[in-house]
DNA sequence: TTGTACGCGTTATCAT
DNA sequence: ATGATAACGCGTACAA
């Protein structure tokens with residue numbers, strides 16, 4: 093340890109608690125107490141220690157700290173996929189979609205101020221899932237926010253069995269006692285139905301998402317039930333996979349099968365964008381000939397022409413709530429399993 | 093330690109190397125060697141140990157391992173902002189934009205297969221930056237990929253000074269000996285200029301991004317220089333901030349000041365989307381009255397109507413390359429500072 | 001080839 | 001109030 097004009101060096105390695113203690117002439121324990129702001133400390137030493145900290149440029153080693161406190165200050169965002177799409181462009185599309193970014197933004201808005209960092213994990217295979225749970229049980233992260241893509245995902249159950257603090261965004265497909273934040277998707281779809289009917293549409297179709305994911309199936313049942321209540325017992329329906337291209341294709345087949353269609357509910361904005369393109373291409377004007385209602389109120393909705401009438405999905409708020417829920421669960425292991433359901437609203441623009 | 097039918101429990105706590113060793117009747121060191129696949133091991137013991145691992149359900153503790161190996165298997169993606177936008181919706185917009193997701197997707201495509209996880213960090217204030225560098229020097233992450241938003245960012249220099257393996261996506265604004273992956277933005281802008289001139293445009297304007305960020309200023313200088321070469325010494329220019337709304341506003345003022353405008357180069361697709369809306373609103377048809385060229389070839393380009401002619405920005409590839417560059421730098425501390433520049437291409441669609 | 005013993009940097013427990 | 005000292009779980013020289 094060499095001293096030159098106030099600054100102190102300890103060779104190549106970074107200064108440790110030990111170095112600070114030696115410089116301040118106290119024990120490691122005392123320095124630790126000062127750093128962590130524990131009361132029982134002589135004001136004199138307090139200042140002495142901070143001075144030594146400043147002169148050495150000491151920074152606590154988070155790893156070493158985590159090893160003993162069993163707290164990492166990290167929350168994992170795990171994207172659970174059904175299979176490993178390593179050479180499949182699917183995951184690429186997933187990240188490029190507004191969905192992923194909105195979730196991350198919402199999570200960060202609350203984690204940032206709490207000084208918690210987000211670690212991104214993607215699991216596709218059974219092996220990856222078990223490894224993830226293993227790491228989690230060791231406290232590699234204090235808790236996890238789960239984005240489950242496939243219909244029947246074993247991960248939620250594995251997490252609860254392992255006792256890992258977890259919150260899902262979107263309810264689990266299978267009944268599992270896990271915390272989650274979700275949107276009343278069926279109510280949102282009903283909003284769309286009400287609006288299309290009130291508009292006077294006579295033949296309304298639906299472009300749905302994959303039937304095995306809850307958010308999608310809820311929109312389907314919600315829409316069909318509401319339409320039925322309005323006297324429309326039968327609703328032509330075609331499924332896409334939430335991409336713009338699939339929406340465009342779905343619209344074409346819908347139009348081909350039902351030329352008199354004058355309204356359509358699309359399960360997400362991206363597909364609605366594709367539907368708009370197909371409609372224009374087929375010479376139909378929106379909303380005069382065909383009224384279109386989307387879902388999500390993503391950036392695509394205002395980018396569309398005409399701007400999309402859509403069901404607002406407050407994803408950022410939901411992600412933020414998930415983060416808060418997770419943080420309280422982490423601090424209170426006895427917290428009961430709970431869920432928060434958001435109510436959707438209809439945003440009226442020009443397309444319907 | 094209790095044994096029941098092959099399965100072994102060690103009380104509440106998770107099994108450690110010690111537990112496995114005891115069960116296998118060997119020392120901790122031997123178990124460690126087997127786990128880490130080190131040669132010099134008796135095949136007999138090898139099997140014995142793996143058996144014990146299976147029966148205990150042992151999983152290595154990454155934290156403890158990292159503490160001694162000084163390797164975390166984690167790479168940090170740090171988004172460096174000029175100020176703390178805690179209550180500013182700016183960061184929310186950033187995450188919702190395709191840019192962020194494309195970068196994450198590109199990074200994950202290579203990190204995933206390498207079994208490396210991504211930790212997201214956002215730094216806005218001076219304090220947050222120094223804390224980040226401190227943690228990084230301790231090896232909280234093996235390296236960092238930097239996304240620098242503001243014009244003059246002190247972070248790159250701080251990282252190189254600290255000796256932290258780092259790669260930037262987009263060159264640093266100030267000269268700093270740091271690795272980076274970038275696009276030849278000026279060449280891309282020149283492509284746009286060539287195309288608009290070849291199309292026969294007489295009065296071409298530009299909607300630019302913030303002048304202090306390199307990617308943006310390079311597009312400006314590249315475009316103006318190329319236009320000058322084509323005999324267009326003067327190019328009317330209005331600046332936006334890369335959002336759709338700002339693009340719409342910019343287009344309106346450009347149109348108001350120069351009614352005879354018949355071509356426009358927009359510095360990114362999002363603003364181009366806004367420009368398209370403004371043009372339609374003003375009764376101009378694209379590309380007949382005004383030709384529009386965007387930049388990025390993001391999902392917005394194909395979503396637009398008419399589909400955008402745009403300069404392709406291979407962001408996913410660049411991010412993947414950044415990850416690879418970082419990984420080799422981590423393995424080889426003596427790697428010379430290097431950069432990779434990608435060449436842009438013009439994607440011709442309907443808007444120009 | 002295997003085991004012993006130490007170190008990684010911190011917090012927590014116990015005396016004092 | 002403060003200081004030894006024992007964990008935390010693992011890798012690895014070094015010795016055997």
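Residue numbers (the working numbering), protein chains in the order written: chain A, 93 to 444; chain B, 93 to 444.
Virtual Cβ for every residue (Gly too), placed ideally from N, Cα, C.
Q. Considering only residues of the region 292 to 321 of chain A, which uninterrupted alpha helix (DSSP H) runs meet the minimum length of 4 residues and lie entirely inside it, listed in chain order?
A. 306 to 321
Q: Leaving aside the five residues before and after residue 331/A along the sequence, list all residues of the same chain whose C-beta is less than 6 Å from its C-beta, in chain order.
A: 300
Q) Under 7 Å Cβ-Cβ, which residues of chain A neighbour residue 158/B? A) 155
Q.
How far does the beta strand (DSSP E) with residue 286/B in it extend, from its first residue to its last?
A. Counting along the chain, residue 286/B falls outside any beta strand (DSSP E), though it belongs to the alpha helix (DSSP H) covering 277 to 290.
Q | Run of the alpha helix (DSSP H) containing residue 212/A, from where it starts to where it stops | A | Looking at the DSSP string, residue 212/A is not in any alpha helix (DSSP H); the run it does join, the beta strand (DSSP E), is 209 to 215.
Q | Inter-residue Cα distance where the pair is residue 216/B and residue 206/A | A | 14 Å
Q: Output, in chain order, the set of chain B residues within a Cβ distance shorter than 7 Å of residue 190/A.
A: 188
Q. If you follow the alpha helix (DSSP H) that residue 71/A is part of, which residue opens it and which one closes it?
A. Since the displayed chain A opens at 93 and closes at 444, residue 71/A lies outside it and no answer follows.
**Q.** Contact check, residue 170/A vs residue 210/A, beta carbons under 8 Å
**A.** no
**Q.** Identified DSSP bridge partners for residue 169/B
**A.** 212/B, 237/B
**Q.** 8 Å contact criterion, which residue 196/A and residue 228/A should meet: CB distance rounded
**A.** Going by Cβ atoms, the distance from residue 196/A to residue 228/A rounds to 20 Å, so no, they are not a contact pair.
Q: Identify the contact partners of residue 172/B in chain A, using a Cβ-Cβ distance below 8 Å as the criterion.
A: Simply none; closest approach about 13 Å.
Q) If you draw a straight line from the C-alpha of residue 159/A to the C-alpha of residue 152/A, how long is it? A) 13 Å
Q. Is the shortest distance between the beta-carbon of residue 151/B and the beta-carbons of chain A less than 8 Å?
A. yes
**Q.** Nearest to residue 309/B (by Cα), restricted to the options 156/B, 287/B, 360/B, 341/B
**A.** 360/B
Q) Which of helix, strand or coil does DSSP assign to residue 395/B? A) helix
Q: Measuring alpha carbon to alpha carbon, tell me which of 303/B, 101/B, 286/B, 304/B ends up nearest residue 296/B.
A: 286/B
Q | chain A residues whose Cβ lies nearer than 9 Å to that of residue 240/B | A | Here the premise fails: no neighbours, minimum Cβ distance about 17 Å.
(Q) My output table needs one value for residue 433/A: the three-state DSSP class, helix, strand or coil. (A) strand
Q) Going along the chain, which residues of the region 212 to 223 of chain A sit with their C-beta nearer than 7 Å to a C-beta in chain B? A) 212, 213, 214
(Q) Mapping the DSSP letters down to three states, classify residue 384/B as helix, strand or coil. (A) strand
Q. From residue 409/B to residue 198/B, what does the alpha carbon distance come to, in whole angstroms?
A. 6 Å
Q.
With a threshold of 8 Å between beta carbons, is residue 419/B in contact with chain A?
A. no
Q | Helix, strand or coil at residue 375/B [DSSP, three-state] | A | coil
**Q.** Any C-beta of chain B under 8 Å from that of residue 200/A
**A.** yes
Q) Where residue 276/A and residue 343/A are concerned, what is the direct C-alpha to C-alpha distance, given to the nearest angstrom? A) 25 Å
Q: Could you check what DSSP says for residue 265/B in three-state terms: helix, strand or coil?
A: coil
Q. Hey, is residue 193/B's beta-carbon within less than 8 Å of any beta-carbon in chain A?
A. yes
Q: Pick out whichever of 373/B, 355/B, 319/B, 311/B has its Cα sitting closest to the Cα of residue 341/B.
A: 373/B
Q: Could you check which residue in 400/A, 418/A, 411/A, 433/A has the C-alpha nearest to that of residue 441/A?
A: 400/A
Q | Same chain, Cβ closer than 6 Å to residue 291/A, neighbours up to 5 away in sequence not counted | A | 383
Q: Just the chain B side, please: which residues come within less than 7 Å of residue 397/A by C-beta, in chain order?
A: 369, 372, 397
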